[in-house]
Amino acid sequence: QVQFVESGGGLVQPGGSLRLSCTVSGFNFREEVMAWYRQPPRKQREFVDLITSHEFTQYAAPVKGRFAISRDDAQNTTFLEMNDLKSDDTAVYYCNSRILPRTWGQGTQVTVSS
């Protein structure tokens with residue numbers, strides 16, 4: 008059974024930074040294209056970014072230049088470094104496989120507010 012455990016969220020002021028982690032169990036992590044998604048309040052879940060097994064990365068336009076995705080295959084973990092946070096980044100953040108999404112984890116809440 009695949010499990011995603013996201014952590015690292017919290018309350019941060021505009022312009023601040025956070026680093027999220029997502030540890031995965033139950034599949035061959037190192038072969039997966041991993042992605043972060045987010046669900047803002049009262050909106051649909053949306054794609055944030057992805058990283059392939061060869062560490063090619065791709066970012067949604069609203070986060071490009073501010074967010075950075077990385078992975079540690081030895082720890083079955085993907086990370087999301089978020090800088091220059093804005094109120095529009097407020098959301099619950101999730102990770103999942105980009106190609107074949109599995110059951111979603113609980114996510115981690117990020118709130119950007121002064």
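Here my numbering is used: the first residue of the sequence shown is 8, the next is one more, and so on.
Note that the Cβ used here is the ideal one computed from N, Cα and C, for glycine as well.
Residue i, DSSP secondary structure in three states
i     : result
Arg52 : coil
Gly34 : Per the sequence shown, the amino acid found at residue 34 is Phe instead of Gly. Coil, per DSSP.
Ser94 : helix
Ala67 : coil
Nearest-angstrom Cα separation, counted from residue j out to residue i
i      : j      : result
Asn90  : Gln8   : 33 Å
Thr110 : Tyr101 : 11 Å
Thr97  : Arg45  : 9 Å
Phe86  : Val55  : 12 Å
Span of the beta strand (DSSP E) around residue i
i      : result
Asp79  : 74 to 79
Arg109 : No beta strand (DSSP E) holds Arg109; DSSP gives it neither H nor E.
Glu88  : 84 to 89
>> Would you call the region 13 to 29 in contact with the region 59 to 67, where contact means no fewer than 3 C-beta pairs closer than 8 Å?
In response: no
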